[in-house]
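Student: By my numbering, the letter at position 95 of the sequence shown is numbered 100, and the numbering carries on one by one without gaps. Here a beta-carbon is modelled for each residue, glycine too, at the ideal position from N, C-alpha and C. Quick one: this structure, given as structure tokens, is what I'll be asking you about.
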Amino acid sequence: VLVLGCIEGRVENEGVMAQAGLYGSILPAAWSFMLALRSRGLGTAWTTLHLQFEREVASLLGIPDSVTQTVLFPVAHYTGEDFKPARRLPAQELVHWNQWGQRPPG
Numbered sequence: 006v007l008v009l010g011c012i013e014g015r016v017e018n019e020g021v022m023a024q025a026g027l028y029g030s031i032l033p034a035a036w037s038f039m040l041a042l043r044s045r046g047l048g049t050a051w052t053t054l055h056l057q058f059e060r061e062v063a064s065l066l067g068i069p070d071s072v073t074q075t076v077l078f079p080v081a082h083y084t085g086e087d088f089k090p091a092r093r094l095p096a097q098e099l100v101h102w103n104q105w106g107q108r109p110p111g
């Protein structure tokens, strides 16, 4: 199953604030959707790779020009036994404190 997240409006010709507002407005719903899937034994991943074919997808699905495609979720039963945190760099190596390049105290 593929779930395509869309939102009314277009902002590709707008400033950064309008773009951030539009995409930021779908994040809470998308995150909740992902958590709900997980609680039902389903897995997904946030992907935007389909956007390189946005016009073709819109034509295929009849999505109006006034609607922005934001995310594509492939949904399926997962095959693993458990989930675990991904390997990540320590926060101390990524966080900037008060100013870019300044590391947090401690």
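1) With DSSP run on the structure shown, which of helix, strand or coil describes I68?
2) With a cut-off of 8 Å on the beta carbons, I'd call F58 and V8 a contact; round off their distance for me.
3) Can you pull the DSSP bridge partners for E13?
4) Along the chain, where does the alpha helix (DSSP H) containing G46 start, and where does it finish?
5) Tell whether a beta-carbon distance below 7 Å holds between V16 and W51.
6) Could you check where the alpha helix (DSSP H) with L99 kicks off and where it finishes?
7) Could you name the residues of the same chain whose beta carbon sits closer than 6 Å to that of Q97, not counting the 5 residues immediately before and after it, in chain order?
8) Counting pairs of beta carbons, one from the region 65–74 and one from the region 10–25, are three or more of them closer than 8 Å?
9) In whole angstroms, what separates the C-alpha of R60 from that of T73?
10) Counting pairs of Cβ atoms below 8 Å between the region 79–89 and the region 41–49, do you hit three or more?
Tutor: Short version:
1) The residue given as residue 68 occupies position 63 in the sequence shown. The answer is coil: DSSP assigns I68 none of H, G, I, E or B.
2) For the purposes of this step, residue 58 is identified with residue 53 of the sequence shown, where counting begins at 1. For the purposes of this step, residue 8 is identified with residue 3 of the sequence shown, where counting begins at 1. That belief does not hold up - the Cβ atoms of F58 and V8 are roughly 17 Å apart, past 8 Å.
3) Numbered from 1 along the sequence shown, position 8 holds the residue referred to as residue 13. DSSP, once it has assigned bridges, lists V72 as partnering E13.
4) By one-based count along the sequence shown, residue 46 stands at place 41. Premise fails: G46 is in no alpha helix (DSSP H) and is neither H nor E.
5) Walking along the sequence shown from the start, residue 16 turns up at place 11. Walking along the sequence shown from the start, residue 51 turns up at place 46. Cβ atoms of V16 and W51: not closer than 7 Å.
6) As a position in the sequence shown, residue 99 is number 94, starting the count at 1. Looking at the DSSP string, the run of the alpha helix (DSSP H) that includes L99 is 96–99.
7) Start at 1 with the first residue of the sequence shown, and residue 97 comes out as number 92. Nothing listed; no residue qualifies.
8) Two segments are said to touch when three or more pairs of C-beta atoms, one from each, lie closer than 8 Å; by this definition the region 65–74 touches the region 10–25.
9) What you label residue 60 is simply residue 55 of the sequence shown in a count that begins at 1. What you label residue 73 is simply residue 68 of the sequence shown in a count that begins at 1. Those two C-alpha atoms are separated by around 10 Å.
10) yes
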